[in-house]
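First comes the structure, then the notes that go with it.
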Amino acid sequence: MNAQYLANAEGLFVGPDMETYCAVGKGSLVPAADKKEGDGASPIGAWKTRRLFYRPDRVKRPVTALPIVEITTDMGWCDAPDHPSYNALVSLPFEASHEKLWRDDHVYDVVVELGYNDDPVVPHAGSAIFMHVARPNFESTEGCIALNLADLLSVATQLSPESIIKIST
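Following this line, the structure appears as structure tokens:
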């Protein structure tokens, strides 16, 4: 499976045999070279899919060829640009700035990690660029791509570590 999908600034998500709505960053889209931590923008580029995380208490184990990780209450993602664990999965409690992956809302019930700023990690260039569950009104994200849960689970069945999510204007 080497599926390719496109998310654009108009909120369309297109791939093999599908076209649906998506949410993008509240800062719209920016060239990856201009992406900064906390700017709320989605980075323009083509990003490989890395892993799928899911909440086993809320969602049945998704079907995918990606490596699968069950989210637990002690998981976080470091967003502290000057920390050695910047843009990486961390265990909580964690002393530096981070996002919790176990959330009260449903946004991270299913999360696909995108290979943005991870090879190598560049401090301040943006972290935690995911494809995750959209809020009911497709409210803008902090820089991620968001789909409704059913579409995200459908897309997951087509993803492998070679799949590409392209973010483009």
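Residues in the sequence shown are numbered from -14 upward in steps of one, following our numbering.
All C-beta atoms, glycine included, are put in the ideal place defined by N, C-alpha and C.
Computed from a predicted model, the values in this text were never measured in an experiment.
DSSP, read as helix, strand or coil, puts residue 82 in coil. Closest in alpha carbon position to residue 4, among 14, 13, -7, 10, is -7.
Residue 71 is bridged by DSSP to nothing; it lacks a bridge partner.
Here residue 8 is bridged, per DSSP, to 131.
Rounded to whole angstroms, the Cβ separation of residue 126 and residue 11 is 7 Å, and the two are in contact under 8 Å. Using a Cβ distance threshold of 9 Å, residue 35 and residue 98 count as a contacting pair.
Here DSSP, grouped into helix, strand and coil, assigns residue 37 to strand. Assignment of beta-bridge partners to residue 117 by DSSP yields 96, 131.
Around the CB of residue 76, fewer than 16 other CB atoms lie within 10 Å, so the residue is classed as exposed.
From the listed residues 86, 1, 26, 7, the smallest Cα separation to residue 39 is found for 86.
Residue 78 holds the alpha-carbon nearest to the alpha-carbon of residue 57 among 78, 49, 70. Each residue's CA atom was taken as its position, placing residue 17 and residue 114 some 11 Å apart. Contact check between the segment 46 to 54 and the segment 102 to 114: fewer than three CB pairs, one atom from each, fall below 8 Å, which does not count as touching. When DSSP states are grouped into helix, strand and coil, residue -9 belongs to the strand group.
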